[in-house]
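Here the sequence shown is numbered in our numbering, starting from 248 and rising by one per residue.
Positions of the beta carbon are idealized from the N, C-alpha and C atoms, including for glycine.
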Amino acid sequence: MAEIEIKHVSKIFDVEGEPFKALDDINLEIEHGDIYGIIGMSGAGKSTLVRCLNFLEVPTEGEVLVGGRDMASLSDFELRKQRQDMAMIFQHFNLLMQKSVIENVCFPLYIQGAKKKEARERAMELLDVVGLKEKALAYPSQLSGGQKQRVAIARALACGPKILLCDEATSALDPQTTASILALLKDINTKLGITIVIITHQMAVIREICRNVAILNHGQLVEHGKVEGIFNHPKSAAARELILGDISEKWNGSSRTQDLVHEAKKLRIVFSENSSFEPVIANMILQFGVAVNILRADTKNVGGIAKGEMILGLPEGDELQKQIEDYMVEKGLEIEEVTGDV
């Protein structure tokens with residue numbers, strides 16, 4: 248049985264007297280122990296969905312089942328108990344600035360009625376887990392962004408949750424710090440068996456840590472499945488846009504990918520472990536005697552495996568293009584046409 252089941256969930260808000268559908272008939276299952284990513288661009292409905300998981304937002308329609316229990320059927324007391332199993336960390340940490348690091352971690356334990364000695368012992372254990380034991384008596388203002396997020400993770404783990412919800416938890420961090428936080432989350436998932444749900448707009452985060460991913464676009468679930476499968480063969484326009492484009496550049500109004508896809512026929516190719524040892528492109532140019540334009544080349548980490556990808560501009564001629572495509576498939580490359588709008 249799935250740890251989290253989302254069945255036909257929709258959420259409608261009233262915006263200045265008009266209905267706005269933030270989520271539209273979402274269906275997902277998240278297995279116990281998974282690291283599951285939910286990704287989309289701004290306004291896709293990601294944060295609304297994660298807040299529906301712990302009923303901070305009550306769905307307008309549909310069901311959310313956690314551990315087989317329908318969240319809508321729970322009393323207020325039962326819902327509070329259920330939320331103790333579903334900790335949450337946020338982009339801006341939400342630490343108590345007037346409290347020390349150890350007191351921040353103790354705070355949810357105090358709410359549960361733990362004695363001070365027991366709470367502080369548990370807090371020190373968790374600060375050791377996140378690598379901040381020596382900062383126990385420091386205050387949040389004395390910490391870096393990455394250290395603040397580590398404190399927030401320790402605090403989230405204090406009550407022994409079964410599920411950790413991460414809402415844009417690395418968006419405010421630099422790439423190096425992001426990598427360290429993702430490594431920490433992966434380690435926590437492995438050692439503690441906690442199910443982790445990652446909400447993000449960064450495809451790099453999904454590739455680095457998640458096993459499965461759901462892609463939202465304008466409140467709709469447009470694609471979901473194994474990260475590697477979607478990276479190799481994106482089926483939806485939203486998935487292709489997230490994979491091919493740099494999201495931050497798109498928000499700033501400039502996108503290499505958007506410029507590329509309006510030109511002549513192009514292919515995105517992904518190198519498998521086997522094909523990466525052979526100079527496939529060089530051999531192809533020699534075999535067909537034509538130039539191929541390499542418009543983009545990159546290497547990405549997908550689930551701990553390095554994946555090479557390129558976008559090639561093919562020479563004109565339908566028959567020649569078909570021969571080149573057949574050759575690349577024969578050599579074990581994953582290919583996908585990116586001509587036209589993504």
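Backbone CA spacing between residue i and residue j [nearest angstrom]
i: HIS471; j: GLY292; result: 15 Å
i: GLY309; j: ALA269; result: 14 Å
i: ILE490; j: PHE478; result: 7 Å
i: GLY314; j: GLU250; result: 5 Å
i: ALA451; j: LEU429; result: 11 Å
i: GLY579; j: GLU455; result: 24 Å
i: PHE340; j: ILE441; result: 20 Å
i: VAL469; j: VAL256; result: 14 Å
i: VAL377; j: GLY393; result: 11 Å
i: ASN274; j: GLN389; result: 43 Å
i: LEU326; j: ALA403; result: 17 Å
i: GLU276; j: LEU300; result: 12 Å
i: LEU514; j: ILE571; result: 10 Å
i: TYR574; j: ALA426; result: 37 Å
i: LEU420; j: GLU566; result: 48 Å
i: LEU507; j: LEU559; result: For LEU507, the pLDDT reaches just 40, beneath the cut-off of 50, and the residue's location in the model is therefore unreliable, although a value from the coordinates is still provided. Their Cα atoms are separated by approximately 10 Å.
i: LYS382; j: LYS362; result: 22 Å
i: VAL366; j: MET333; result: A quick correction: the sequence has Ala, not Val, at residue 366. Cα to Cα, the separation comes out at about 19 Å.
i: PRO562; j: LEU533; result: 14 Å
i: SER391; j: PHE535; result: 55 Å
Residue j beta carbon less than 9 Å from that of residue i
i: LYS258; j: PRO306; result: yes
i: ARG444; j: ALA405; result: Residue 444 is actually Val in this sequence, not Arg. No.
i: MET531; j: ALA544; result: no
i: ILE336; j: LEU384; result: no
i: MET583; j: HIS480; result: Position check: residue 583 holds Glu in this sequence, whereas Met was assumed. Result yes, Cβ atoms of GLU583 and HIS480 sit closer than 9 Å.
i: ILE541; j: GLU581; result: no
i: ASP261; j: HIS465; result: no
i: LEU343; j: PRO387; result: yes
i: ALA529; j: GLY287; result: no
i: LEU374; j: ALA401; result: yes
i: VAL311; j: LYS254; result: yes
Reference residue i; option with closest CA among the options
i: ASN436; options: GLY315, LYS409, GLU350; result: LYS409
i: SER418; options: TYR574, LEU384, ALA366, ILE446; result: ILE446
i: ILE462; options: ARG487, SER320, THR442, GLY393; result: ARG487
i: TYR283; options: VAL377, ASP573, ARG369, VAL460; result: VAL460
i: THR295; options: ILE516, THR442, LEU412; result: LEU412
i: GLU475; options: LYS433, VAL537, ARG298, CYS457; result: CYS457
i: GLU252; options: GLU263, GLY264, HIS279, PRO266; result: HIS279
i: ALA538; options: GLY564, ASP421, GLY555, GLY264; result: GLY564
i: LEU549; options: ASP332, ILE453, PHE324; result: A small fix is needed here, since residue 549 is Val in this sequence, not Leu. Closest by alpha carbon: ILE453.
N-terminal and C-terminal residue of the alpha helix (DSSP H) that residue i is part of
i: LEU342; result: First-last for LEU342: undefined, no H or E at that position.
i: THR425; result: 422-439
i: TYR357; result: 348-358
i: THR307; result: Looking at the DSSP string, THR307 is not in any alpha helix (DSSP H), and its letter there is neither H nor E.
i: GLU563; result: It is not in any alpha helix (DSSP H) - GLU563 carries neither H nor E in the DSSP assignment.
Span of the beta strand (DSSP E) around residue i
i: LYS592; result: With the chain covering 248 to 589 only, the question about residue 592 has no answer from this structure.
i: CYS413; result: 410-414
i: THR442; result: 442-447
i: GLN467; result: 467-473
i: ASN530; result: Careful: ASN530 lies outside any beta strand (DSSP E), inside the alpha helix (DSSP H) at 527-535.
i: PHE260; result: 251-262
Where residue i falls, given that 16 or more other Cβ within 10 Å makes a residue buried
i: VAL527; result: buried
i: ILE358; result: exposed
i: ASP414; result: buried
i: LYS364; result: exposed
i: GLN449; result: buried
i: ARG330; result: buried
i: ALA370; result: buried
i: ALA319; result: exposed
i: LYS395; result: buried
i: PRO355; result: buried
CB contact below 9 Å: residue i versus chain C
i: LEU420; result: Within the model displayed, chain C is absent; a lone protein chain is all it includes.
heavy atom of the ligand FAD below 8 Å from residue i C-beta
i: ILE462; result: Here there are no bound small molecules, and the ligand FAD is not part of this structure.
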